[in-house]
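Visitor: Just so we're on the same page, the numbering used here is the position in the sequence shown counted from 1, plus 106. Yeah, the Cβ is synthetic: ideal placement off N, Cα and C, and Gly gets one too. Please read all numbers here as calculations on a predicted model, not as lab measurements. Here's a structure for you.
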Amino acid sequence: MLRKEYLVLLLGFGLNFSSSQAFAQVNQTTQKNIPFQICAEAKNWVRPSASKQKEYLTNLKTRYSNAQIQALGGTYWTYNFFAFVDYPGGSGVFDINNLSGLWSLKKGDSTENKKCTPISSIKGKNEADIWLFNYQPIKIKWVNRNYVMVVKPIQKGWKSVHFSRLENQEKLPLTVVTESGKKLQVLKYE
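Here it is in structure tokens:
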């Protein structure tokens, strides 16, 4: 921990701050734990192989372009985090499931938390639903008007994590990081 004099020096370098002003600024950094629920999960699910994914999408060729099939679903296939603030519709969920590989999830392979709001009922500025592929959520914090979800990698599994939002911005201010602080990519549906 930095001593007060050094912290004031660092914060006020080149500026005309008193020590109380500098510490008031430091204390404005807000951190709050955000409660979340795991609403659905499939602990043993793994993405299908690339050849199985291509075969599956090829069988739906009237729905997907050759480019989408060759890319195995593009970003849906490569991203491990999807963030929803609005229901993407039945057709949207159908496409997300197909292009991400979730089509391979068999009935009975997942469990649902009946206390959660279903994704079909989430309302833009009030709630968020995050899908995690091969990651376990550790915590979500509210830090300087941004949600920071800390995760750890796991060998297999898919989860749907739900939380109530503290803000009402159009776009979800979400960053996903590993326990070591590495920032991970999130596909956001806003």
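Using CA coordinates, which residue listed in CYS145, SER197 and GLY207 is at the minimum distance from ARG169?
Guide: Out of CYS145, SER197 and GLY207, SER197 has the C-alpha closest to the C-alpha of ARG169.
Visitor: According to DSSP, is GLN176 helix, strand or coil?
Guide: In the three-state DSSP reduction, GLN176 falls in the helix class (H, G or I).
Visitor: Measuring alpha carbon to alpha carbon, tell me which residue in LYS138, TYR193, GLN176 and GLU218 is nearest ALA234.
Guide: For the options LYS138, TYR193, GLN176 and GLU218, the alpha carbon positioned closest to that of ALA234 is the one of TYR193.
Visitor: With burial defined as no fewer than 16 other Cβ atoms inside 10 Å of the residue's Cβ, what is the status of GLU147: buried or exposed?
Guide: buried
Visitor: By the three-class DSSP mapping on this structure, what secondary structure does GLN291 have?
Guide: coil
Visitor: Per the DSSP calculation, TRP209 is bridged to which residue(s)?
Guide: DSSP lists no partner for TRP209.
Visitor: Have a look at ASN274, TRP209 and ILE236 and flag the residue whose alpha-carbon is nearest the alpha-carbon of VAL282.
Guide: ILE236
Visitor: What does the alpha-carbon distance come out to for the pair VAL267 and GLN143?
Guide: 6 Å
Visitor: To the nearest angstrom, report how far apart PRO243 and ASP201 are at their CA atoms.
Guide: Distance between the alpha carbons of PRO243 and ASP201 is about 25 Å.
Visitor: Name the DSSP beta bridge partners of ILE246, please?
Guide: MET255
Visitor: Just reading off the alpha helix (DSSP H) that GLN275 is part of, what are its end residues?
Guide: Careful: GLN275 lies outside any alpha helix (DSSP H) and carries neither H nor E.
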